[in-house]
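Structure first, commentary second.
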Amino acid sequence: MAQGNVVRTFQTKDHHFDTFKNNAPNKLLVCQFSSNDSMFKDLCVSMKTTFEEVAANANFKDKAAFCELNVNGFKLAKESGVEAYPTFVVLKGDKPMGKVGSMDEELNNLRDMIVAALKN
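Each number in the working numbering comes from the position in the sequence shown (counting from 1) with 124 added on.
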């Protein structure tokens, strides 16, 4: 059975994230914005498993790149309108195509949002 993507984790904004992003110029960038703040940490950790399941979808292989970003090191969170954690954002180039929060019903929409962005 074909496997999908692996989620890459970045704790700080550095050349590794820039390299990751630059190596996927024709792919959607799907980001989980997380926080190590004690108020959000448990929820962010628990939602990572669900995010990894979405990333593993073979339909997204070679079409999307998945990463988890610690918001403390990324201005991209603010630029993408992230206000709570975790939040999942789909980007095409530098343009946000959509975002969902951490509620289960919203996460069910993440797959649909990725599919819709791939069609654009």
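Here a beta-carbon is modelled for each residue, glycine too, at the ideal position from N, C-alpha and C.
Exposure of residue i, with buried meaning 16 or more beta-carbon neighbours within 10 Å
i	result
residue 201	buried
residue 173	exposed
residue 206	buried
residue 241	buried
residue 194	buried
Through-space distance from residue j to residue i, alpha-carbon basis
i	j	result
residue 212	residue 231	8 Å
residue 125	residue 162	Here residue 125 scores only 43 on pLDDT, less than 50, and its place in the model should not be relied on; the value that follows carries that caveat. C-alpha separation (whole angstroms): 38 Å.
residue 233	residue 216	17 Å
residue 210	residue 129	20 Å
CA nearest to the CA of residue i, picked from the options
i	options	result
residue 218	167, 187, 149	149
residue 169	192, 180, 206	192
residue 187	135, 153, 159	153
residue 203	239, 155, 131	155
Three-state secondary structure assigned by DSSP to residue i
i	result
residue 226	coil
residue 221	strand
Three or more C-beta pairs under 8 Å: does that hold for the stretch 183-203 against the stretch 131-143? Under the Cβ criterion (8 Å, minimum of three pairs), the stretch 183-203 counts as touching the stretch 131-143.
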